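Asks: My questions all concern the structure below.
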Amino acid sequence: MQKNNYGMPLMGLGTYGRRGAEGVAAMLAAIEIGYRHLDTAQSYDTERECGEALRQSGLARADMFITTKIDMPNFGSGKLIPSLRRSLDTIGIDQVDLTLIHWPSPHNQVPLPVYIEQLAEAQALGLTKTIGVSNFTIALLQQTQAILGAVPIANNQVECHPYLQNRKLVDFCAAAGIPVTAYQPIAKGTLVGDPVLEPLAAGKGCTVAQLAIAYAFARGLAAIPTSGKRERLASNFAAQELSLTPADMATIASLDRGTRRINPASAPAWD
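Listed below in structure tokens is the structure:
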């Protein structure tokens, strides 16, 4: 399985909505298929399920990459590190592999240095191996770089799929050495039936979802699709084996229409 420079498998399982026994079962199925990266968040309320799946799987802790994200109510001075300790207790581990700021504070209600400096401190304390951000714009990334200094931003997790390719941001991150993870890589099923993608997928003997995930990988991104169904989990995982030609890439690139699925009122001014 391909990994980035920080040891993160490029294929991961998004765990939003995977709660309770069904959630644990989905995660266990994913692990049996070969997934070695679980992406959770404080706001998902799936940290406990991730820990339970890891324990039931019998895998060594070192064999599973776990990402979590800090929720906005935990940004204030003195709040972030205790919240991450609670996350570790909930998962049942001593350290996460990657901790992200889930969203920038709306309208800078909590100044960026307040929570970024706490995140860096959490890394220095050994609570998290690496740190990064999610839903950050170029301007916010530049500000974060200035705050962190020599401490690297190990990831920027953003919505990215054929209908929202985020080229300006992805190009900036590539130049800055910041790995990008695509969430919603299959645009929550809205790509199905696309008059360009369907015949392209049929010609390659794959599904549209596999095509979209393979496109993310071909662009150098990680991808964290989610599903509760074993067959879909296996199908998504198999997208790693799909090769796209330059012509395929150009065809999919032409579908970018800036359609953003996740855009709350509190979101930053997107690039």
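Heads up, the sequence shown is in the numbering used here, so the first residue is 15 and it goes up one at a time.
Where is the CB? At the ideal position from N, CA and C, for every residue including glycine.
These numbers come from a predicted model, not from an experiment.
1. How would you write the range of the alpha helix (DSSP H) that residue 84 sits in, first residue to last?
2. Tell me whether the stretch 27-34 and the stretch 78-89 touch, counting them as touching only if at least three CB pairs, one residue from each stretch, are closer than 8 Å.
3. Buried or exposed for residue 70, going by 16 or more other Cβ atoms inside 10 Å?
4. Assess, as a yes-or-no matter, whether the stretch 218-227 is touched by the stretch 253-264 under the definition of 3 or more beta carbon pairs within less than 8 Å.
5. Using three-state DSSP, classify residue 222 as helix, strand or coil.
6. Name the two residues that bound the continuous beta strand (DSSP E) containing residue 173.
7. Which parts of the stretch 30-113 are runs of the alpha helix (DSSP H), unbroken and 4 residues or longer, counting only runs that do not cross its ends?
8. With distance defined between alpha-carbon atoms, name the residue in 262, 240, 131 nearest to residue 38.
9. Could you give the DSSP three-state label for residue 22: helix, strand or coil?
10. At 3 residues or longer, what runs of the beta strand (DSSP E) sit wholly inside the stretch 126-185?
11. To the nearest angstrom, how far is the alpha carbon of residue 270 from that of residue 175?
12. Relative to the C-alpha of residue 186, which candidate in 77, 76, 234, 115 has its C-alpha closest?
13. Output the distance between the C-alpha atoms of residue 121 and residue 280, rounded to the nearest integer angstrom.
14. Three or more C-beta pairs closer than 8 Å, one from the stretch 134-152 and one from the stretch 101-121: is that the case here?
Replies: In this structure, then:
1. Where residue 84 is concerned, there is no enclosing alpha helix (DSSP H), although the beta strand (DSSP E) it sits in stretches over 79-84.
2. No: fewer than three Cβ pairs fall under 8 Å.
3. That one is exposed.
4. Taking 8 Å as the limit for Cβ pairs, the verdict is that the stretch 218-227 does touch the stretch 253-264.
5. For residue 222, the secondary structure class from DSSP, reduced to helix, strand or coil, is helix.
6. 170-173
7. Listed in chain order, the alpha helix (DSSP H) elements of length 4 or more contained wholly in the stretch 30-113 are 34-47, 61-71, 94-105.
8. 240
9. Of the three classes helix, strand and coil, the one that applies to residue 22 here is coil, per DSSP.
10. For the stretch 126-185, whole beta strand (DSSP E) runs of length 3 or above, ordered along the chain, are 142-148, 170-173.
11. 8 Å
12. 234
13. 8 Å
14. yes
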